[in-house]
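Remarks on the structure that follows.
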Amino acid sequence: MDGPARRTGASDMDHVLIGPAGVFTLNTKNHAGQSVWVAGRTLMVSGKKQRHLYNASHEAARAAKLLTRGVNAPVEVTGVVVVVAPKSMTVRERPSDVVVVSDRQLLGWLSDRPNLLTPRQIAVITAAAYGPERGTGIRLPWWTLRSCSTNSPGCGLSWTARDVAARDGSSPFLSGLRFS
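Take the sequence shown: its letter number 51 is residue 52 in the working numbering, and every next letter is one higher.
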């Protein structure tokens with residue numbers, strides 16, 4: 002979420018992606034030039050423990066709960082911590098419920114995801130995510146939410162490059178992410 006809607010809740014979702022590969026909450030962390038180390042439930046930046054994994058897990062669980070209520074069917078959401086421009090990133094053990102990638106790895110990671118959602122499921126979840134009138138309370142501004150289905154013009158089954166960056170350009174690493 003961006004702006005006031007983002008600050009009113011306990012969550013700090015930076016971006017939500019909805020597409021054939023599933024639903025993802027992205028929490029971007031600018032640790033430019035710093036060393037990042039991940040092992041299980043621990044993420045450290047330059048030797049200092051951070052709460053990024055806990056927060057990303059909480060955000061994904063909250064989005065899943067709200068979207069599940071909004072569509073009246075289970076919606077799985079994967080939390081993703083995107084580390085922007087780290088000097089190095091070492092993953093000794095992957096967290097069990099959250100994905101950690103660098104901004105350079107994000108596009109490849111998304112591209113490698115298997116297709117899990119049908120165009121109909123994508124449409125229903127997207128409709129629920131767009132606002133409180135749909136019952137979710139997520140209130141995502143249109144520029145933070147991107148959905149894609151195989152029936153939409155310009156959309157295919159792979160994640161490749163259009164419309165995902167924030168309207169104000171505040172997330173330049175997402176500008177290379179597009180849906181083909």
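The beta carbon of each residue, even a glycine, is placed where N, CA and C say it ideally should be. Fair warning: this is a prediction, and the values are worked out from it, not measured in the lab.
Following the DSSP letters along the chain, one finds V76 in no beta strand (DSSP E), marked with neither H nor E. With respect to the 9 Å criterion, A86 and G20 are not classified as neighbours on the basis of their beta carbons. L54 has no beta-bridge partner at all, per DSSP. By DSSP's assignment, V37 forms a beta bridge with V46 and M90. Residue range D104 to S112 is occupied by the alpha helix (DSSP H) that includes S112. With 16 or more other CB atoms across the displayed protein chains lying within 10 angstroms of its CB, R63 is buried.
In this structure, V39 and P96 form a Cβ contact; the two beta carbons are roughly 7 Å apart against a cut-off of 8 Å. Residue environment analysis places D15 among the buried positions, since at least 16 neighbouring C-beta atoms fall within 10 angstroms of its C-beta.
Going by beta carbons, T26 and G80 fall inside the 9 Å limit. Counting along the chain, no alpha helix (DSSP H) covers T119, and no H or E run does either.
Between the region 39-57 and the region 98-118 there are three or more C-beta pairs closer than 8 Å, enough to call the two in contact.
Excluding its 5 nearest sequence neighbours in each direction, T29 has C-beta neighbours in its own chain below 7 Å: D15, V83, V85 and S172, listed in chain order. Counting the other CB atoms within 10 Å of its CB gives A74 a total below 16, which places it among the exposed residues. Check the Cα spacing between A22 and each of V76, E94 and M90: the tightest is with V76.
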